[in-house]
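Quick note, the sequences are listed as chains A and B, same order.
Each residue of the first sequence is one higher than the last, beginning at 1129 in our numbering.
Each residue of the second sequence is one higher than the last, beginning at 332 in our numbering.
Just below is one structure, and these are the notes that go with it.
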Amino acid sequence: MHAKNISILSALMAIGLALTGCDSKTSESNFIVIATAGPMTGQYATFGEQMRRGAEQAVKDINAAGGVLGKKLKLEIGDDQCDPKQAVAVANQMVNKGVKFMAGHFCSGSSIPASQVYQTENILMISPGSTNPKLTERGMSNVFRVCGRDDQQGQVAGDFIADKFKGKRIAVVHDKQAYSQGLAEETMKQLKKRGVSLAMTGTVTPKEKDYSAIVTRLKKNRIDILFYGGYHAEAGLIVRQMREQGLTTRLVSGDALVTQEFWNITGKLGEGTLMTFSPDPRKNPKVAPLVAKFKAQGFSAEGYTLYTYAAIQVFAQAAERAGGTDAAKLREQLHGSKFDTVLGTIGFDAKGDVTAPGYVFYEWKDGTYDYVTF
Amino acid sequence: MEYFLQQLINGLTLGAVYGLIAIGYTMVYGIIGMINFAHGEIYMIGSFIALICFSILGLSGVASVPLAILVVLLVTVLFTAAYGWAVERLAYRPLRGSFRLAPLISAIGMSIFLQNYVQLLQGARVKAMAPMVTGGFVVTERAGFQVTLSYMQIIIMALTLILMAGFSQLISRTALGRAQRACEQDQKMAALSGIDVDRTVSLTFLLGAGLAAVAGVMTTLHYGVIDFFIGFLVGLKAFTAAVLGGIGSLPGAMLGGILIGLVEAFWAAYFAAEYKDVAAFSILVLVLVFRPTGLLGQPEVEKV
């Protein structure tokens, strides 16, 4: 009786397997599978959500307009938690799923190791948010990005600090991760070039809660301006703990602060915090209907949402023009032509970096961020 | 000097939180000789319950901050203690008397279970709460360097002191304390002389979880950023603190917690901050090499 049940069960399972086998075969011919991957869970999940929302909306809009090459797009979502090891595992997973294009990853520390997988497997990758220069500096032909680079970002930050905060005591602190350290070093380079000397440098350990020791060091060195290379959670905690110890030091950071979660952590204490980010694509009137669409879902298209959207637009347009999804043909298109996206008309240089506007400064005020006014 | 004083305050605050959690490890070890690896998760659950309570109070328009903190402390301690009790009842009691590794593995399983449970229920994203208690005193000031002591730091240290004092009284003066000490020495003999061992162990778990809940409330209030994974690192540090102070010893756990907090703060203050965990654990190794029972631990007497 028992043995019989098991054999029936295994027969059913075999049929099930066969069915799913057929299914994936038919879907392969009707769909083009693309993917986005980033920190969908964990500490940086707020950026993962931006990517997921942007990607889902892009796929929906492109499919509604007839798809790509007469086929519908199908989106796969990978979760790398900004962990370099997991990023490689996710990349391999995506290869197995037959992904033709990757709109990811987010953290530079994840994108760099994952790109190696996409390069060898001949899959096109456009990162919406990885700004570490190394990503496109290794001569990998399949690797592109629609965001800026930290050497540009650091240069803008360094110049701004040198111009606006003359004679102030300046510190640079980072959390040792690929993005953070890259950004901090590029900023220091530019500050040095401008003849600004630093009063203090230091590092912190990410994912901790207590940064009071480094805050006291800032206080001892009478720091006026703290340039922080790192992500919003630690930056928020540092701001809180600075105010608690009576410091009025202004925090200046990069594009990893463009999320409402920063303000959730700091509350009013975050007032006046500065950050660099690309010109806000939401301000473009042509994008207004799309931004409204996001708003209708109860989501503000902040940070990298529209960058992920744009990366998928680039893929769709390149595939149409190339008449196929082969990586070699796609990259020919990417290098040779311009694309009409929610970020405006963009193209790519020989390295794979976007030829779009650089960085501007934003300021946190009243729970929202806008261009700096001073 | 002022710099030293400020770092001392930083380290003591951090250490107080570690100490509160370490007591939970040390009490459980003292009484049933097992390491409750799920204790860090109990602390994490405490901080989540605190956050939920604060949100509910905020929504229902409770304006008085001291009242809110008091209510949240009570509710959180109650609920978290219930979790601590349930963990013992479900995962450890059925295994009591089986081989030594069984409850240990069960504890690790419980820790993973609780992490995933909170992740599924509350989502994997970081939860934040804007600062509630702000401001503080300037203790001294020299050459523009102010030594500050925030209200929050005072609350944490005062609460820890009160709880510590209360607990040493409880252990040395009350019937429950006497029962706990009896169970610690010899469970079978304690049972023979009329002590309800199961009840005593249950109460120990309740108390340990209650202290972890206080630490959770303080974390939510002071740092304001929590996620389902915070129990792991803090639990590890608190466990280290318990071993450093001498596992099984209540004052040892507190001392260990404060030492770990101070080492972290001072190492980050005077040396490279990235090596502060290395420093803390190196000290643990050194202490264990020269004093295997920890700083205040009693060497185990061989029973004949």
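Ideal Cβ positions, reconstructed from N, Cα and C, are used throughout, including at glycine.
Here the structure is a predicted model, which is why all the values come from computation and not from measurement.
Between D1383 (chain A) and the set A:V1482, A:G1257 and A:G1426, the nearest pair of CA atoms involves A:G1257. In the three-state reduction of the DSSP assignment, R427 (chain B) falls in the coil class. Note that the C-beta distance between V478 (chain B) and V464 (chain B) is not below 9 Å.
With distances taken between CA atoms, K1292 (chain A) lies nearest to A:D1352 out of A:Y1339, A:D1352, A:I1254 and A:D1279. Between F1272 (chain A) and I1251 (chain A), the gap from beta carbon to beta carbon reaches 9 Å or more. Linking T551 (chain B) to I557 (chain B) through their CA atoms gives a straight-line distance of about 7 Å. Its chain contains T471, R473, F476 and V478 as the residues whose beta carbon lies nearer than 7 Å to that of E333 (chain B), once the 5 sequence neighbours on both sides are disregarded; these appear in chain order. In this structure L1319 (chain A) is in contact with L1326 (chain A), their Cβ atoms being roughly 7 Å apart against a cut-off of 8 Å. With fewer than 16 other Cβ atoms inside 10 Å of its own Cβ, V620 (chain B) counts as exposed. M520 (chain B) counts as exposed, since fewer than 16 other C-beta atoms from the protein chains shown sit within 10 angstroms of its C-beta. At least 9 Å separates the CB of I380 (chain B) from every CB of chain A. The alpha carbon of A1450 (chain A) has as its nearest neighbour, out of A:K1493, A:Y1435, A:V1196 and A:Y1246, the alpha carbon of A:V1196. Within a 10 Å sphere around the beta-carbon of K1225 (chain A) sit fewer than 16 other beta-carbons, which makes this residue exposed. Taking the Cα of T1259 (chain A) as reference, the smallest distance to any Cα among A:A1429, A:G1495, A:N1270 and A:H1233 is reached at A:H1233. Contact fails between the stretch 492-510 of chain B and the stretch 1423-1436 of chain A, because fewer than three Cβ pairs, one in each stretch, are under 8 Å apart.
Using a Cβ-Cβ cut-off of 7 Å, N341 (chain B) is close to S1340, A1341 and T1344 of chain A, given in chain order. By the neighbour-count criterion, in which 16 or more other beta carbons inside 10 Å mark a residue as buried, Q1425 (chain A) falls on the exposed side. Nearest CB-CB separation between K519 (chain B) and chain A: not below the 9 Å threshold. Counting only the Cα atoms, F1159 (chain A) lies some 31 Å from G1267 (chain A). DSSP places K1493 (chain A) inside the beta strand (DSSP E), whose first and last residues are V1488 to K1493. The beta carbons of Q337 (chain B) and K1347 (chain A) sit closer together than 9 Å. The Cβ-Cβ distance between F368 (chain B) and L451 (chain B) does not fall below 9 Å.
Contact residues of the stretch 446-462 of chain B toward chain A are A455, R456, V457, A459, A461 and P462 (C-beta to C-beta distance below 7 Å). Ranking A:S1428, A:P1261, A:C1275 and A:R1350 by CA distance to the CA of Q1309 (chain A) puts A:P1261 first.
Membership of M365 (chain B) in any beta strand (DSSP E) is not indicated, and neither H nor E is assigned to it by DSSP. In the DSSP assignment, Q477 (chain B) falls within the unbroken beta strand (DSSP E) covering F476 to S481. Segment contact: the stretch 1443-1461 of chain A against the stretch 1185-1202 of chain A, three or more CB-CB distances shorter than 8 Å; contact assigned. For the stretch 481-502 of chain B, the residues whose beta carbon sits under 9 Å from a beta carbon of chain A are, in order, S481, M483 and Q484. Taking the CA atoms as reference points, K1414 (chain A) sits about 15 Å from F1467 (chain A). Pairing A510 (chain B) with I1393 (chain A) gives a Cβ-Cβ distance that is not under 9 Å.
DSSP places T1404 (chain A) outside any alpha helix (DSSP H); the residue lies instead in the beta strand (DSSP E), whose first and last residues are L1402 to F1405. The beta carbon of R1371 (chain A) falls within 9 Å of a beta carbon belonging to chain B, placing the residue at that interface. In the structure shown, Y360 (chain B) falls within a helical segment according to DSSP collapsed to helix, strand and coil. A direct Cα-Cα distance of roughly 30 Å separates T505 (chain B) from M375 (chain B).
Buried is the label assigned to D1303 (chain A), since at least 16 other Cβ atoms lie within 10 Å of its Cβ. Scanning the stretch 1415-1482 of chain A for uninterrupted beta strand (DSSP E) segments of 3 residues or longer gives 1467-1469 and 1472-1474, listed from N- to C-terminal end.
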